[in-house]
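Under my numbering, the residues of the sequence shown are numbered 110 to 497, in order.
Think of the CB as a built atom: it goes at the ideal place given N, C-alpha and C, for glycine as much as any other residue.
On a predicted model such as this, the values are computed, not experimentally measured, just so you know.
One structure is given here, and the rest of the page talks about it.
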Amino acid sequence: MEGKEKPVRAPCNGPISAILRSTNQVLPCWTAFLNCPQMPVTLQYGSLTLPTRYLLSPLAGFTNLPFRRVVREVGGVGLCTTDLVSARALLAGSRKSMKLIETCAEDSPLSVQIFGSDPRMMHDAAQYLQERGIASIDINMGCPVQKIVGGGAGSAMMCRRDETIDLVKTVVESVSLPVTVKMRLGWDDENWTAPFFAREFEQVGVAAIAIHGRTREQGFRGSVKREGIRQVVEAVENIPVIGNGDILNVADAQRMFAETGCHGISIGRGALANPWIFQQLVDWETTGTCRPSGTFDERLRLMLRQLDFQTLQLGEDLGIRLFRKMGHWYLKGMRVPASLRHDFQNARTRDDVNEVVERITQHGPQTGDRNALPDMHIPVPSGPVDKW
Ligand SMILES: Cc1cc2nc3c(=O)[nH]c(=O)nc-3n(C[C@H](O)[C@H](O)[C@H](O)COP(=O)(O)O)c2cc1C
Numbered sequence: 110m111e112g113k114e115k116p117v118r119a120p121c122n123g124p125i126s127a128i129l130r131s132t133n134q135v136l137p138c139w140t141a142f143l144n145c146p147q148m149p150v151t152l153q154y155g156s157l158t159l160p161t162r163y164l165l166s167p168l169a170g171f172t173n174l175p176f177r178r179v180v181r182e183v184g185g186v187g188l189c190t191t192d193l194v195s196a197r198a199l200l201a202g203s204r205k206s207m208k209l210i211e212t213c214a215e216d217s218p219l220s221v222q223i224f225g226s227d228p229r230m231m232h233d234a235a236q237y238l239q240e241r242g243i244a245s246i247d248i249n250m251g252c253p254v255q256k257i258v259g260g261g262a263g264s265a266m267m268c269r270r271d272e273t274i275d276l277v278k279t280v281v282e283s284v285s286l287p288v289t290v291k292m293r294l295g296w297d298d299e300n301w302t303a304p305f306f307a308r309e310f311e312q313v314g315v316a317a318i319a320i321h322g323r324t325r326e327q328g329f330r331g332s333v334k335r336e337g338i339r340q341v342v343e344a345v346e347n348i349p350v351i352g353n354g355d356i357l358n359v360a361d362a363q364r365m366f367a368e369t370g371c372h373g374i375s376i377g378r379g380a381l382a383n384p385w386i387f388q389q390l391v392d393w394e395t396t397g398t399c400r401p402s403g404t405f406d407e408r409l410r411l412m413l414r415q416l417d418f419q420t421l422q423l424g425e426d427l428g429i430r431l432f433r434k435m436g437h438w439y440l441k442g443m444r445v446p447a448s449l450r451h452d453f454q455n456a457r458t459r460d461d462v463n464e465v466v467e468r469i470t471q472h473g474p475q476t477g478d479r480n481a482l483p484d485m486h487i488p489v490p491s492g493p494v495d496k497w
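In structure tokens, the structure reads:
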């Protein structure tokens, strides 16, 4: 750990948050009773202070720069992480990898998530990212996809104890910035190796652990095992543990804090469905109440904002073409009729987009209230799969 500050647990910003954290209970927010808004609880990743304890989880294909920018504009997010990036491809200068790590002044603090099984490559990739001014590096130990696991990376690392600890140590020692690890509970229910690794990683200088409460075997099936996340929290001494999985609203976040004692949470699919979730959590934490998620018209504006960021990054033609997947989710969540969604998918130019959006605005949601949309469900792959 030479040259590195010892990671410390998240400081509390005031007595109320201290009570909330030390009791590990979720109480009807105390600040509401006392009527005194607090500052959000921050998190410490080594020397890096995260402004809130609510983090955006990496979602390959979704958590790109344009999405991160809108999430940050909406507010409340303490740290964003890129999609997973291959250390090998990064060092080879692959165009795709370069796009994945593209960032801008507003996209801060940013962590880049790398994967690979070769310690030398992971070491060099970490150094390369440090030279590019990235704030933090995250090592992927959770990806269940066969292509990644087959190469010994992702969740396969949870099956090899010594090699994995050596690899993580190598990365930690290669840079002065905070290195974190994101993992699952283990390979299967007979092998919850996450608590063991968390303890070992803290010893080699890892700054924080993010833990998705499912096993590799589980994929995305069933529910998150908060008991496993709690075991990881109990396994470490000082570093923050970030609980992850199935958090869609404030009540889910409260349950995660209460049942696991985790210090922060990270949200993936919930943020895709509701980019307001981070601000809602901060509002809840600091005032005891939170505003509703965006209305139909606010979501439409946010979607166009993201599209603007995307065309800025990729140009109009590619930007619009690659926005289809994201546009689909926005419009489905807004209950836009299939025919209008279809027209949006066929838009080729910004003028086409504007024309369809005008019709969508006039039409409003097919069901429900324009000012109070129902929660949106985002389907996910049902288990370890070859492709996402
Ligand atoms: C489409 C998709 C892509 C994902 N990509 C990544 C990734 O690149 N790196 C990673 O560590 N986890 C990835 N995950 C896992 C999520 O970060 C997160 O751990 C998981 O979805 C559970 O959290 P959630 O319920 O808040 O989404 C991905 C999940 C999905 C559904």
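Just verifying my parser: in three-state terms, what is the DSSP assignment at residue 334? As a first step, residue 334 is located in the sequence shown; it is residue number 225 there, counting from the start. In this structure, residue 334 counts as coil in the three-state DSSP scheme.
Please state if the CB of residue 395 and the CB of residue 149 are separated by a distance shorter than 9 angstroms. Here residue 149 refers to the residue found at position 40 when the sequence shown is read from its first residue. Here residue 395 refers to the residue found at position 286 when the sequence shown is read from its first residue. Cβ atoms of residue 149 and residue 395: closer than 9 angstroms.
So what's residue 139 in DSSP terms, helix, strand or just coil? Taking the sequence shown and counting its residues from 1, one reaches residue 139 at position 30. Low local confidence applies: a pLDDT of 43 at residue 139 is under 50, so the model's placement there is unreliable, with the coordinate-based value given in what follows. Residue 139: helix per DSSP, three-state reduction.
Shorter than 8 angstroms, the distance from the beta carbon of residue 384 to the closest heavy atom of ligand 1, or not? As a first step, residue 384 must be located in the sequence shown, where it is residue number 275. No.
Would you decide whether residue 214 is buried or exposed? Buried here means 16 or more other CB atoms lie within 10 Å of its CB. Walking along the sequence shown from the start, residue 214 turns up at place 105. Flag for residue 214 reads exposed.
On the CB-based measure, 16 or more other CB atoms within 10 Å of its CB, does residue 311 come out buried or exposed? Looking up residue 311 in the sequence shown gives position 202. Classification for residue 311: buried.
What residues are listed by DSSP as bridge partners for residue 293? One-based indexing of the sequence shown puts residue 293 at position 184. Answer is 321, bridged to residue 293.
Nearest to residue 320 (by Cα), restricted to the options 391, 335, 298 and 409: Looking up residue 320 in the sequence shown gives position 211. Of the listed residues, the one whose Cα sits closest to residue 320 is 335.
With burial defined as no fewer than 16 other Cβ atoms inside 10 Å of the residue's Cβ, what is the status of residue 463: buried or exposed? The count along the sequence shown starts at 1 and reaches residue 463 at position 354. By the 10 Å Cβ count, residue 463 comes out exposed.
Is it right to say residue 332 is buried, meaning 16 or more other beta carbons lie within 10 angstroms of its own, or is it exposed? Within the sequence shown, the letter at position 223 stands for residue 332. Label assigned to residue 332: exposed.
Distance, Cα to Cα, residue 482 vs residue 355? Numbered from its first residue, the sequence shown carries residue 482 at position 373. Numbered from its first residue, the sequence shown carries residue 355 at position 246. Distance between the alpha carbons of residue 482 and residue 355: 20 angstroms.
Nearest to residue 358 by alpha carbon, out of 278, 389, 306 and 330? Within the sequence shown, residue 358 is the residue found at index 249, counting from 1. Considering only alpha carbons, the answer is 389.
Can you look up residue 262 in the DSSP assignment and give me helix, strand or coil? As a position in the sequence shown, residue 262 is number 153, starting the count at 1. Of the three classes helix, strand and coil, the one that applies to residue 262 here is coil, per DSSP.
Any heavy atom of ligand 2 closer than 8 angstroms to the CB of residue 167? In terms of ligand content, the structure shown lacks ligand 2 and carries ligand 1 instead.
Suppose you measure from the CA of residue 169 to the CA of residue 441; what does that come to, to the nearest Å? Taking the first residue of the sequence shown as 1, we reach residue 169 at position 60. Taking the first residue of the sequence shown as 1, we reach residue 441 at position 332. When rounded, the distance between both Cα atoms is 20 angstroms.
Cβ-based neighbour list, residue 261, same chain, cut-off 8 angstroms, excluding 5 preceding and 5 following: Here residue 261 corresponds to residue number 152 of the sequence shown, with the count starting at 1. 226 and 269.
For ligand 1, I want to know if residue 356 counts as a neighbour, meaning its beta carbon is within less than 8 angstroms of at least one of the ligand's heavy atoms. If you number the sequence shown from 1, residue 356 lands on position 247. Because some heavy atom of ligand 1 lies under 8 angstroms away, the Cβ of residue 356 counts as near it: yes.
Alpha helix (DSSP H) runs wholly inside the segment 363-428, at least 4 long, in chain order: 378-382, 386-396 and 405-423
With 16 as the cutoff for other CB atoms within 10 Å, does residue 173 come out buried or exposed? On the sequence shown, position 64 is the one that residue 173 refers to. Buried, since its Cβ has 16 or more Cβ neighbours within 10 Å.
Just the C-alpha distance for residue 257 and residue 472, rounded to the nearest angstrom, thanks. For the purposes of this step, residue 257 is taken as the residue at position 148 of the sequence shown. For the purposes of this step, residue 472 is taken as the residue at position 363 of the sequence shown. Whole-angstrom Cα-Cα distance: 44 angstroms.
Per DSSP, which residues does residue 351 bridge with? Please list them. Here residue 351 corresponds to residue number 242 of the sequence shown, with the count starting at 1. Paired residue(s): 319 and 373.
Does the pairing of the segment 218-225 with the segment 395-409 give three or more beta-carbon distances under 8 angstroms? no
Mapping DSSP to helix, strand and coil, what is residue 147? Locating residue 147 in the sequence shown gives position 38, where the first residue counts as 1. Residue 147: coil per DSSP, three-state reduction.
Does the beta carbon of residue 171 fall short of 8 angstroms from some heavy atom of ligand 1? One-based indexing of the sequence shown puts residue 171 at position 62. The answer is yes for residue 171.
Residues bridged to residue 525 by DSSP? Within the shown structure, residues of the chain are numbered from 110 to 497, placing residue 525 beyond reach of any answer.
Residue environment, residue 363, which counts as buried when at least 16 other CB atoms sit within 10 Å: Numbered from 1 along the sequence shown, position 254 holds the residue referred to as residue 363. Its Cβ being crowded by 16 or more others within 10 Å, residue 363 is buried.
Between the CA atoms of residue 276 and residue 455 - distance to the nearest angstrom: Taking the first residue of the sequence shown as position 1, residue 455 is located at position 346. Taking the first residue of the sequence shown as position 1, residue 276 is located at position 167. Using only the alpha carbons, I get a separation of about 46 angstroms.
Please classify residue 250: does DSSP put it in a helix, a strand, or coil? Counting from 1 along the sequence shown, the entry for residue 250 is found at position 141. Reduced to three states, the DSSP call for residue 250 is strand.
Buried or exposed by the 16-neighbour rule on C-beta atoms within 10 Å, applied to residue 278: Taking the first residue of the sequence shown as position 1, residue 278 is located at position 169. Burial call: buried.
Which residues in the same chain have their Cβ closer than 7 angstroms to the Cβ of residue 384, if we skip the five residues on either side of it in sequence? Position 275 of the sequence shown, counted from the start, is the residue given in the question as residue 384. Same-chain partners within the cutoff: 179, 180, 183 and 411.
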